[in-house]
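Reading through the structure tokens given below for one structure.
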Amino acid sequence: MNKYQSLVEAAVAARERSYCPYSGFAVGAALLTADGTVFTGANIESASYTPTVCAERVAVFTAVHQGQRQFEAIAVVGGKAGEPVTTYCPPCGVCRQVLAEFGHTAMPVLLYDGKQIKELTLGTLLPEVFDKHNLD
Ligand code: THU
């Protein structure tokens, strides 16, 4: 069994609470922090479209607001609302940047297509990142 199976399952469950009446695309995320806590999120849309927030950022901002800034791994799952996931849902560019604010380059990013868990790293998803060190 994959060591991140339960994290992926938490993302699948979080997806149930997506509010996505405009796209019909439901995403769930589960973020594991250094103390072992799992923070979840789902995408939340707006009739005005642009205020929409992705599942990953809901999870990240919840964790940070609860005092957790050390991230160990994140699982992301997405697909047509009301249906099981069948394809991988990689994090969007904005969420990659937000993850890079707190996560490290080797941080695992787990994707799931309903059958297999694909393990990537944040560094692979966002090479040559602009981060706090660029501001030194
Ligand atoms: N979405 C996420 O929640 N995470 C991503 O990384 C990609 C996109 C959401 C935003 C929007 O509600 C819907 O998926 C369609 O783009």
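Quick note on my numbering: the sequence shown kicks off at 77 and runs consecutively. Glycine residues also receive a C-beta, built at the ideal position from the N, C-alpha and C atoms. Values in this document were obtained by computation on a predicted structure and should not be read as measured data.
A distance below 6 Å between beta-carbons, with the five flanking residues on each side excluded, links F115 to the following residues of its chain, in chain order: L107, A135, T138, A139. Sequence-distant Cβ neighbours of K79 in its own chain, meaning closer than 8 Å and more than five residues away, do not exist here. Residue pairing by DSSP leaves F137 without any beta bridge partner.
Residue pairing of L186 in beta bridges, as defined by DSSP: A151, E195.
Look at F206 here: in three-state DSSP terms it is coil, with no helix or strand label. The nearest non-hydrogen atom of ligand 1 is less than 8 Å from the C-beta of E121.
Pairwise C-beta distances place the stretch 144 to 161 in contact with the stretch 170 to 190, as three or more of them are shorter than 8 Å. Non-local beta-carbon contacts of T197 in its own chain, meaning distances under 8 Å to residues more than five positions away in sequence, involve T181, A182, M183, P184, V185 in chain order. If you check the CB distance, Y98 and A123 come in under 9 Å. For G169, the three-state secondary structure derived from DSSP is helix. Not a single heavy atom of ligand 1 lies less than 8 Å from the C-beta of F206.
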